[in-house]
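Residue numbers (the numbering used here), protein chains in the order written: chain H, 241 to 589; chain E, 241 to 589; chain R, 12 to 505; chain G, 16 to 343. Where is the CB? At the ideal position from N, CA and C, for every residue including glycine. Single-structure report; data block below.
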Amino acid sequence: MSDLAPFAARQRGLRGTLGWIWTVLGPFLGLILITVLFAWMTRETGSFLTLYNWRTIAVQTVVVGTAALGMTAIMIAGAIDLSVGSTVALVTVVVAMLVKRIDPALPGDLRSAGLALVVAMVLGVLVGGLCGAINGSLVAGLRVVPFIVTLGSYKVYRGLAKWLASSTTVYVPAESKAWWLSRILAPEPEPRWLMIAPGAWALVALAAALAIVLRYSLFGRHVYAVGSNESTARLCGVNVPKLKILVYALAGLATGLAGVLQFIYMSATGDPTTADGLELKVIAAVVIGGGSLSGGEGSVLGTLIGCLIMSVLDNGCVHAGIPNPTQDVIIGVIIVAAVTLDRIRRGGS
Amino acid sequence: MSDLAPFAARQRGLRGTLGWIWTVLGPFLGLILITVLFAWMTRETGSFLTLYNWRTIAVQTVVVGTAALGMTAIMIAGAIDLSVGSTVALVTVVVAMLVKRIDPALPGDLRSAGLALVVAMVLGVLVGGLCGAINGSLVAGLRVVPFIVTLGSYKVYRGLAKWLASSTTVYVPAESKAWWLSRILAPEPEPRWLMIAPGAWALVALAAALAIVLRYSLFGRHVYAVGSNESTARLCGVNVPKLKILVYALAGLATGLAGVLQFIYMSATGDPTTADGLELKVIAAVVIGGGSLSGGEGSVLGTLIGCLIMSVLDNGCVHAGIPNPTQDVIIGVIIVAAVTLDRIRRGGS
Amino acid sequence: MLLEMRDVSKSFGATRALDGVSLAVAAGETRALIGENGAGKSTLMKILSGAIRPDSGSLWLGGEPFAPRGPREARRKGVAMIYQELALAPDLTVEANVMLGQEQTRLGFIRRRDHQRAVAQALGLLEHPDIHPRAKIRDLGLGARQVVEIARALVAQARVLVLDEPTSTLTSRDAERLFTIVDRLRERGMAIIYISHFLEETRRIAQTYTVLRDGRTAAHGTLAETSERAIITAMVGRALSELFPRTPRAPGTPVLELSELAPRHGNRPANLTLRRGEVLGLAGLVGAGRTTLLRAIYGLHPVVAGTVRVAAFPDRAASPRARIAQGIGFASEDRKGEGLALDLSIEDNATLSALERHSRLGFLNLSDRRRAVAGLMESLRIKARGPRDRAANLSGGNQQKVALARLLHQQADVFLLDEPTRGIDVGSKAEIYAMIGRQAAQGRAVLMVSSYLPELLGVCDRIAVMSRGLLSEARPAADWTEHSIMEVATRGAG
Amino acid sequence: GGDGAAPAGAAGTGPRPVVLIGFDASEPLTSALRASKIQGLVVQNPLAMGELSVKTMVAHLEKQPVEARISTGETLVTPENMNEPAIDRLIHPPQVENSGGASLSGAKTKKWRVMVIPKGTTHEFWKTIHAGALKAAEELGNVEIVWQGPQKEDDRVLQIQLVQSAIAARVDGIVLAPLDAKALVEAVEAAVAKGIPVVVFDSALETTRSVSYIATNNYNGGVLAARRLGETLGGKGKVILLRYAVGSESTEQREKGFTDTLAKEFPGLELISDTEYAGPTSDSAQQRAQSLATRYRGKVDGVFCPNESSTDGMLRALEGAGMIGAGK
Ligand SMILES: Nc1ncnc2c1ncn2[C@@H]1O[C@H](COP(=O)(O)OP(=O)(O)OP(=O)(O)O)[C@@H](O)[C@H]1O
Ligand SMILES: Nc1ncnc2c1ncn2[C@@H]1O[C@H](COP(=O)(O)OP(=O)(O)OP(=O)(O)O)[C@@H](O)[C@H]1O
Ligand SMILES: [Mg+2]
Ligand SMILES: [Mg+2]
């Protein structure tokens, strides 16, 4: 947000020389504390603080993270999207079915290169964009609150996914899976110098692009304006309906990508029941990262941290060998604690 | 305002003599249309429009309806509660465990009268109230947004339920179930003159009480004020933190009652996994009924209609023999259509 | 002294809003609190009403220490306040808002009869029986909202009454009624603090004054013994030249023509021609329909019949976007609800209508934009930490200036100004009048709604009066007097 | 023991392969079995279950005597025996596409109208049940099947609502796979009281009022899995049990059969984790399994998963972590 500078100045005065470390690390505070906590809890096995495990966490965060980027834009614009989970499921089904259709029709060398996969995946992303655009058009056109519109499409897209898949799982035959497919989300990437899985890099790139767009582009400033005060935005000549459609469509592309990644994560499976409840997880990640249900607030970095906090919690609890019920309790407490901490750090309300 | 009068006049002019029928039936419009739709779809068997089926629908609405009443108050106050489903699950477990504890210790005639059940159910309602009060205290005390606080307790209460139940289902032995237990939610009530199940009457009574409190009491007034403009309420001397705690606690009692009813509905079973996703259903019912995520709006009648719309959709789809995927699509479309209709009826935005 | 505030200080982060301010009011006294925008008046009063707590200093009420922990306590001890930023719950009715926090109950239930009586009485005192107690605040205009706010304070039966710019949205008729009531309350022994930027008004109503400047007490004394010039000098730190400077200008070609324009709800068809190099004023009572007319021109309010023709542009379907493209700029009277996105920074707010001026290929040049905004802040003397400060942190008057800065930044050709100087101090008013004059002299056109008649008479070339949705013919300002304007404004209503 | 295991994440040498035993068959599971990535699958016979359930119901409706308990058997499929024709039929059963079945809205065309209520509708298992039910209907010729599953798998309340709606829709008989052994008792007894007989399949229901109970012996399924795991590992090693979901009767029976047998027959096998739950879908299972796999990388020898989705998720996680060889 734009008022970071004076704010930082004020804070710096308060904290003296530790100032800039704090400024840089501040947003990561909750994440760091949780990491330390789990590192301490798993100090005997040490399996949590390994490079391999962090690569695993990266892979486990990719799908939620990608969807959460879209949701960040939507929530900054003061709207919401309950249909992300359903869209992801629909996209996995569509991609799987497309691969099954396209691949057998291709000549041999294109098959082994995985052309069908590429085409299907691109189309999958577009299907996500289409779902988003439909949401946006309904929100803008019917002027019904986004909660209801996307509650409707949450049902509709899920129904479509089941209907397309005849209510069951769509498997891509082994011979249609190109060699590179499983590498995209492999915790240990090849080539080695990639450090983290290519899919995780895609998330990072997308996040950077979105952050730049939100901060520096006209579109981004308009998104903040609409979320902060829709009447003001209209008064200033922002085409609010068009903007909403656009935000939903772009977010839909991100959700579509999340769907494609989910398809890859599930070893090229189209599952109409997958990603159930993803919407809550994604919204939670955005809110943990400082977004607001009433719009005008939220940041890409915050959302990514929110996603990581959730992933680390899930992963860490398994490493610490905490029984299932206790896990729930701990995760619940830590979510509240992390956000409380962040609120205090930012100085009240 | 001087120009309110011509506005009202215009509306009256539009509707002419049909005026008051419209005013009374208006809010029921969506519900009526859906009923007509399903009646038409099932015209050959006629099983949908039977008295027995509507009694069944009433029973199927009771749990969601009770929880939705609490949520209505919370949402009018501008807050939200994601933990309703978990609270319901926790309450079912607590009640079942209490019955198992208390009942064997009682003398024979009290046992057959079901005293243990009564005590456990009352305590169950109180546990719900306690859960709500905790939510409210955290919201008021930590000043963290309700979404996050209740996301945390959504996890915590679910975890507690699992932990208490040792991760499995808690059954009440048959000899501890009093004769009257299964009658509370039997579609065909005894005695006959009750017309609908005693549990449904409880919902009606609770709804009437809540409607009166919201409309005529000081507390109700302040709930609307806080939801409509929190800082105004504070400036005018409303004790906002106290009010929030109170709203959550009262809503918690309703949720507790919903949990008790759920326990009864599942033939006296304590199930730590039950009511998963109830929160979304309940929030949807409130929003369909005219409530707003940003507070200040909502009505008891609207919420009840919202709940009925959802129940009728579920029930009607079964009667019409619609397969699951198509059900999803139809339900999604109808939710959006019903709310759009309502928006148009109320005259725009 | 009934109320004393001693050495009160308050900082918001690096901003020192109050720096050792002292103030005292006796029972039966009305004290005017005067100062530039951002001087700290509202902050001082918020401390008194318990809304915020001072960093240091002490308060005494009726000889006892008074340290309200919140608005509740302050109210209970008899401090009633009308806030500058209207504090109403939009979803509640007029009646519920007036009675909010002071409900009369039996067994926890509202005593509706008593409420109805109290509200009817208060609205009757204010001579506004036209405001329906069951109307929702959402459906009321700003003026009516201000009346509701005053009614709330009347019901409170307080010992100390604070009015923070209560007349900024009132017409002079309503203001006169308010003064009568305030006088009556004072005579009954109430201590009253009255904040206003209208100096002549403070003379009418107050006996003593305190001037704040940059968070310090700059002067205080008895109004009868102090000249206006002395007060302004204490306030601004320099003597002010002329309040209404005239710029040489001559009306040119028409830029905006309304023919039979009929907005939905109430207003009757309006005809009006606005020429280049002209400042045209719209007078009228609250609810007369001036705002509605301006919004209809700008494309924010549905139009049922008639046309708006903007020079050199084909008449296309109106939307704010199209109007901006045609060179029209609009400043809303409701800066909190519509004028500003309070959560965004000053620079975002000031440039939102013309972001493309600082962008290439859809991306902003942030430093370029910041420079431009800093320039605007300088010229309008907006008091803030910098362009990145949140609009919500500004004082009321400074927020209004940000809204005006947007029109300048947009380089509009036609200015539609709805109560443009609402809540702005004298010094800055002079600058804004000068700005309006400059724009007119450069061949731009200004259509200005105001309820402050001296301002209309001083600034405008022509004035039209609206009454109950009917727009009178525009006549040269010299042909009007305050009296004749009020006559036309009320005639339609009477 | 875990000594000498490669340090996690070390280059080159992957950790040693893990023996995976699963439950139920789906296409990726059978192909993994063929590639020896899975060492054993315990499969049920859903086709027979669906068919027998409907036939039993009709027999009862036509006043013929029926058996109170019918077992449809459980079979251990290994890479070695999977090509036998009998077994192949088990792991490649017919399935039903979306269309099939009658609708309640139309007038009754057959003598009997039976509503079949599974636990869910999306697992392949239920699709095969559906196929079995339709097969029975076709063979009998005088019955039509209405197929309605709860929208959310594993939600007791939704299933109770379905049974209630079936009563209101006045079908002739209900064939039910109860999600809960007790919670559905009242709904079922209400149906019986209204003159609608109920056949229970797949999971038990604690009532005497049902016509018949037709199911796999799940406990025995767990026993089979434990024996296979113990034998493959040579009676020595560390084992993980990834449970399915809290309160699911049939999988809990399998888990119990598994743990009981380990304790009784294979003292050399150490259960190092049995507290994790896979959750309802295969991707929730995969998330869990992935975290488990990183935690016990190089320290685990065998894994058992008690149903299709958990096996599927575990398989993908182990493959991803390089803990499963492409055959030995
Ligand atoms: N919440 C806040 N956060 C930061 N700064 C604030 C806040 N509230 C007020 N200020 C600053 O304190 C100073 C005094 O503001 P205040 O509102 O008291 O001015 P004022 O005298 O009432 O001005 P006006 O005549 O424009 O209403 C201003 O510089 C303002 O920017
Ligand atoms: N009955 C009504 N229904 C809908 N909108 C209305 C109604 N009455 C007034 N409005 C709108 O509410 C807004 C505020 O009305 P208000 O009475 O303040 O008039 P106004 O145009 O602001 O008058 P002025 O600016 O002269 O005070 C206007 O946009 C008006 O069109
Ligand atoms: Mg002020
Ligand atoms: Mg106005």
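Sequence-ordered contacts of the region 324 to 345 of chain R with chain H read 331, 332, 335, 341, 343 [C-beta pairs closer than 7 Å].
A Cβ of chain R is located within less than 7 Å of the beta carbon of residue 478(E). For residue 506(H), the nearest beta carbon of chain G is closer than 7 Å to its own beta carbon. Chain-ordered, the chain H residues with CB closer than 9 Å to the CB of residue 375(R) read 455, 456, 457, 458, 460, 461. For residue 50(R) against residue 288(R), the beta-carbon gap comes to about 35 Å, at or over 8 Å, which does not count as contact.
Our two residues, residue 336(H) and residue 136(G), have alpha carbons roughly 20 Å apart in a direct line. Under the three-state reduction of DSSP output, residue 194(R) falls in the helix class. Shown here, residue 292(R) sits in a strand according to DSSP, grouped into three states.
Closer than 7 Å to the CB of residue 264(G) there is not a single CB belonging to chain H. Segment contact: the region 369 to 378 of chain R against the region 310 to 321 of chain R, fewer than three CB-CB distances shorter than 8 Å; contact not assigned.
The beta-carbon separation of residue 19(R) and residue 99(R), rounded to 28 Å, does not stay under the 8 Å limit for a contact. The three-state secondary structure of residue 66(R), taken from DSSP, is coil.
The Cβ atoms of residue 365(E) and residue 450(E) do not sit closer than 7 Å to each other. Here the region 244 to 261 of chain G makes contact with the region 277 to 288 of chain G; the two share three or more CB pairs at distances below 8 Å. Scanning 317(H), 333(H), 283(H) for the CA closest to the CA of residue 499(H) turns up 333(H). Residues of chain E whose Cβ lies closer than 8 Å to the Cβ of residue 101(R) are, in chain order, 468, 469, 536. Inclusion of residue 89(R) and residue 17(R) in the CB contact set at 7 Å is not warranted, their separation being larger than that value. Per DSSP, residue 23(R) is one residue of the beta strand (DSSP E) stretching across 14 to 23. Within the same chain, Cβ atoms closer than 8 Å to the Cβ of residue 484(R) are found at 475, the five residues on either side in sequence being excluded. Between ligand 3 and residue 95(R), a heavy atom-to-CB distance of less than 6 Å is present. Taking a cut-off of 8 Å for Cβ pairs, the region 381 to 396 of chain E and the region 347 to 360 of chain E do not touch, as fewer than three such pairs fall below it. Against chain E, the CB of residue 402(R) has no partner CB under 7 Å away; the residue lies outside that interface. Sequence-distant partners of residue 280(R) (beyond 5 residues in either direction) whose C-beta falls short of 7 Å from its own C-beta, in its chain, are 271, 272, 273, 316, 317. Contact between residue 132(G) and residue 229(G) fails: their C-beta atoms lie close to 14 Å from each other, not under 8 Å. Set against 6 Å, the gap from the CB of residue 31(R) to the closest heavy atom of ligand 1 is not smaller. In this structure residue 549(H) touches residue 274(H) by the C-beta definition: roughly 6 Å separates them, less than 8 Å. The CB of residue 354(R) comes closer than 8 Å to the CB of 468, 469, 536, 537 in chain H, given here in chain order.
The Cβ atoms of residue 467(H) and residue 536(H) lie closer than 7 Å to each other. Against chain H, a Cβ distance below 9 Å from residue 407(E) picks out 563, 564, 565. Between residue 278(E) and residue 560(E), the alpha-carbon positions lie close to 7 Å from each other. Chain order gives the chain H residues near residue 359(R) as 242, 461, 464, 465, 468, where near means a beta carbon separation below 9 Å.
As computed with DSSP, residue 268(R) is found in a beta bridge with 284(R), 320(R). Residues of chain G with a Cβ closer than 7 Å to the Cβ of residue 359(E) do not exist, since the nearest Cβ in that chain sits about 21 Å away. Just so you know, the alpha carbons of residue 539(H) and residue 371(H) end up roughly 24 Å apart. Nothing from the region 367 to 400 of chain H brings a Cβ to less than 7 Å from some Cβ of chain G. DSSP lists 473(R) as the bridge partner or partners of residue 487(R).
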